[in-house]
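Engineer:
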Amino acid sequence: MLILECPYCGVKAEETELSPGGEAHLKRFGPGSSDDEFEAYMFARKNPKGVHCERWRHAYGCGKWFLAARCTATLEVFGTYLAQTAEPPAEIVEKIKAKRPEWKGYS
Amino acid sequence: MSDPVSALGGATFEGFASVREIGPLGMITLRAKAGTAGLEAAVHAATGCALPAQRRIVRQGDRAAGWMSPDEFLLILPYGDVAAALAGIAQALQGQHHLAVDVSDARAVFRIEGAKADQVLRKLSPVDFDRLEPGELRRSRAAQVAAAFWAEDGGFTLVCFRSVAAYVMGLLSTSAQPGSEL
Chain A
755 MLILECPYCG
765 VKAEETELSP
775 GGEAHLKRFG
785 PGSSDDEFEA
795 YMFARKNPKG
805 VHCERWRHAY
815 GCGKWFLAAR
825 CTATLEVFGT
835 YLAQTAEPPA
845 EIVEKIKAKR
855 PEWKGYS
Chain B
44 MSDPVSALGG
54 ATFEGFASVR
64 EIGPLGMITL
74 RAKAGTAGLE
84 AAVHAATGCA
94 LPAQRRIVRQ
104 GDRAAGWMSP
114 DEFLLILPYG
124 DVAAALAGIA
134 QALQGQHHLA
144 VDVSDARAVF
154 RIEGAKADQV
164 LRKLSPVDFD
174 RLEPGELRRS
184 RAAQVAAAFW
194 AEDGGFTLVC
204 FRSVAAYVMG
214 LLSTSAQPGS
224 EL
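If you read the sequences in order, they're chains A and B.
Counting from 755, one number per residue, gives the positions in the first sequence under this note's numbering.
Counting from 44, one number per residue, gives the positions in the second sequence under this note's numbering.
(1) Just the C-alpha distance for Leu-167 (chain B) and Ala-185 (chain B), rounded to the nearest angstrom, thanks.
(2) Assuming Ala-80 (chain B) and Ile-132 (chain B) make a contact with CB atoms under 8 Å, what is their CB distance in whole Å?
(3) With a cut-off of 7 Å, does the C-beta of Arg-74 (chain B) fall near any C-beta of chain A?
(4) Quick one: residues in its chain with C-beta nearer than 6 Å to the C-beta of Ser-61 (chain B), no 5 flanking neighbours on either side, listed in chain order?
(5) Distance check for Phe-204 (chain B) and Ala-149 (chain B), CA to CA, integer angstroms please.
(6) For Leu-142 (chain B), count neighbouring C-beta atoms within 10 Å of its own C-beta (all shown protein chains included) and say buried if the count is 16 or more, exposed if not.
(7) Quick check on the DSSP output: the alpha helix (DSSP H) that includes Leu-164 (chain B) runs from which residue to which?
(8) How would you list, in chain order, the residues of chain B whose beta-carbon sits under 7 Å from the beta-carbon of Glu-768 (chain A)?
(9) Note down, in chain order, each residue of its chain lying with its Cβ closer than 8 Å to the Cβ of Leu-51 (chain B), except the 5 sequence neighbours on either side.
(10) Please compile the residues from chain A whose C-beta is within a distance smaller than 7 Å of the C-beta of Ser-206 (chain B).
(11) Which whole-angstrom value is the C-beta distance of Ile-201 (chain B) and Ala-190 (chain B), which I expect to be below 8 Å?
(12) Closer than 7 Å by beta-carbon distance: list the chain A residues that pair up with Ala-189 (chain B), in chain order.
(13) Helix, strand or coil: how does DSSP classify Tyr-210 (chain B) here?
(14) To the nearest angstrom, report how far apart Ser-861 (chain A) and Pro-177 (chain B) are at their CA atoms.
(15) Which residues mark the beginning and the end of the beta strand (DSSP E) in which Tyr-835 (chain A) is found?
(16) With Thr-200 (chain B) as the anchor, note down where its beta strand (DSSP E) starts and where it stops.
(17) Verify whether the separation of the beta carbon atoms of Gly-859 (chain A) and Arg-811 (chain A) is less than 7 Å.
(18) Helix, strand or coil for Leu-129 (chain B), going by three-state DSSP, please let me know.
(19) Taking all protein chains shown into account, do 16 or more other C-beta atoms lie within 10 angstroms of the C-beta of Leu-836 (chain A), making it buried, or fewer, making it exposed?
(20) From which residue to which residue does the beta strand (DSSP E) around Leu-758 (chain A) run?
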C-alpha cells in the first residue's frame, strides 16, 4: 500500500484517498514550438522502474495537488513536496542519491 | 418561506452505537488564502471562534469553525443565522478576494454516539483513529463518498454531501449492526 503525506494538510493519506496525476515536472511546449516538441509534451511520458517524480491530488482530503518522489518498484517514498516547485527539493534529491546512487536525476 | 428539512428527516439507527441524522445545520464554506486581511475577523463575526489551525475545529457554543484546506474553512452555525453571518463575513472581508457561500442545504450531518462509536467509522474510512486527536477535523472518505468528521461530546460528527445522505446512513447503519463490533 502506498502512503503519501500531503504537504498541505499533513495527513498521511493512504492511496485510496488520492488520485494519481502522472509524471511531474513536465515542461510545457505551447504555441511556437515544433510539432515534435509538442507531440512529446502531449504524449511522451516516462515510465521508469525505479525513482519517479509524480503528481498526486489529495482528492478525498484538502483537494490540493502535490508532488511525490517515490520508487515505482518498491513503493518506497522519498518525500512529498508542494506542487509549486519546479524541481525536487535538495533534501529529497540527497535522500534519493543516498539510497539509489545509480539515479540519473528527474529530467 | 418554506421550512428547512434535513436530508433524511432525522433518521436514526440503534446498533452497538447509535447513529442519527441531525440538522438542518447552518454551514458556510469560506474560501480565502491564509493571511488575507480580515479573515480572522470574518470567522469571528460568523462563529465567535478563533481562526482554526491546520486540521483543527474550534467550537464556541453551538457554532464552530473548521480548517478544511489551506484556503478553505467550514463555518457551522444555527440554520437561521446564516444570512446574518454571510453579511458579517462580507463586511469583514470587503475588498479582499474571497468566497463565502451558504452550503447548509448541500450537506447532511450525522452523529455517531456510544462507547464504540469509533468502530463504526473505523470500518468505513482509511483513517488511523488511534492518532485522531481531539478537536481534529479529518476529511477523508466513508466507503465510496467524501466525508469529514471529528470527535465531539463522546461521539463523532460526520458531514457529507446531501445527495449521498441515504447512502451514508445505510453505511453507518450496516457498520453499527449489533454483533459486528471489531
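Cβ coordinates follow ideal geometry from the N, Cα and C atoms, glycine included.
Structural biologist: Result, derived from the coordinates:
(1) 5 Å
(2) Not quite, the Cβ-Cβ distance comes to about 13 Å (not below 8 Å), so this is no contact.
(3) no
(4) Glu-156, Gly-157
(5) 6 Å
(6) exposed
(7) 160-165
(8) Pro-169
(9) Glu-64, Ala-151, Ala-208, Ala-209, Met-212
(10) Result: empty, since nearest Cβ-Cβ is about 16 Å, beyond 7 Å.
(11) Checking the sequence, you will find Leu at residue 201 (chain B) rather than Ile. So it is a contact: roughly 6 Å between Cβ atoms.
(12) Tyr-814
(13) helix
(14) 43 Å
(15) 831-836
(16) 198-204
(17) no
(18) helix
(19) exposed
(20) 757-759
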